[in-house]
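In UniProt numbering, the protein residues as written are 1 to 343.
Structure record follows, encoded as structure tokens.
Here's what the structure looks like:
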């Protein structure tokens, strides 16, 4: 591993890019108090090592106009490794985690339609040799998604300088994607920080056009860019998913409350016996019971119906991860983003 991985500067760079994944190095240099060349060099070392990366993922509009689901899979123990490999190879499965509890795997799935989800389950997941059962939970609303999670390395002043204000322009119709948009998406899959010049040359357009098109896709919520890091950089975490049953008339209030928790990674309203899925990135297994007790104390109307502790993440945001959580190949499909209609 690169000797510089895990330094304070590396962690600060990751945090800054979690706030603004495509920020110019010159802008970041003013906040992080290092030269643009130093920041670019350190990021390249992290990226080349697979210790940090920018993933292109479906944006927040996907819940409204596409189909997002969490899927649990159980399999025969002797075939677990082969099942994991088959699940990782499926482009529509954006994340794959081995878990403790009743399920062997927890999957994040993105497809354009409910029909697409049915075909994925029936034709590409169920037939995998070794799978015993599959359960799908369709996402109904998102209270917090993974790209909002941060390592919290920057102080308040630095964070304020890098925060991007939300656009206040009235919503306008979003044109459907054309061939140039699709080429830009393909070019961003491997490296979400590819320069505008590089993107324009690769896709046969100009830098300003490339920038305008990409920012339009991000602004519409069709896509999002997410900075991720291996534990060697971000520190050790124990991703733990709590399946929660909440009173239906309190669902939104409870979801928003959970989304404000400091170690919260994901909160979704879902279908099924449990109507909330909450993923916390805790520091140790010792924190799990303490968190569950605090949750019961602070929100007496909720019930934790199951808990999945991540034993290993095989794939996150389309990137295949090794046993140390470092990114390697990308297995995803831009049709995930392109085939939904965003009005």
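Just so you know, even glycine gets a beta-carbon here, dropped at the ideal spot from N, CA and C.
Here residue 53 is near residue 228, since their CB atoms are less than 7 Å apart.
The C-beta of residue 31 has 16 or more other C-beta atoms within 10 Å across all chains shown, which makes the residue buried. In the DSSP assignment, residue 36 falls within the alpha helix (DSSP H) that extends over 36-49. Taking 7 Å as the cut-off, the Cβ atoms of residue 16 and residue 28 count as close. Secondary structure note for residue 115: it is in no beta strand (DSSP E), and the uninterrupted alpha helix (DSSP H) holding it is 114-119. Taking residue 326 as the centre and dropping the five residues before and after it, the same chain places the C-beta of 50, 51, 230 closer than 6 Å to its C-beta, in chain order. Annotated three-state conformation of residue 210 is helix, per DSSP.
Each residue's CA atom was taken as its position, placing residue 134 and residue 73 some 5 Å apart.
For residue 25, the uninterrupted alpha helix (DSSP H) segment begins and ends at 25-32.
For a cut-off of 8 Å, the C-beta gap from residue 132 to residue 69 is around 19 Å, too long to register as a contact. In the three-state DSSP reduction, residue 58 falls in the strand class (E or B). By the Cβ criterion, the segment 302-320 is in contact with the segment 234-242, since at least three pairs of Cβ atoms, one from each stretch, lie closer than 8 Å. Each of 55, 56, 10 was checked against the Cα of residue 34, and the nearest Cα belongs to 10. Within the segment 255-333, the runs of beta strand (DSSP E) that reach at least 3 residues and sit entirely inside it are, in chain order, 264-270, 276-282, 303-316, 319-321, 327-330. Between the alpha carbons of residue 335 and residue 58 lies a distance of about 10 Å. Assigned with DSSP and collapsed to three states, residue 149 falls in coil, not helix or strand.
Assigned with DSSP and collapsed to three states, residue 100 falls in coil, not helix or strand. If you draw a straight line from the Cα of residue 145 to the Cα of residue 109, it comes to about 14 Å.
DSSP places residue 8 inside the alpha helix (DSSP H), whose first and last residues are 8-19. For residue 182, the enclosing alpha helix (DSSP H) begins and ends at 179-190.
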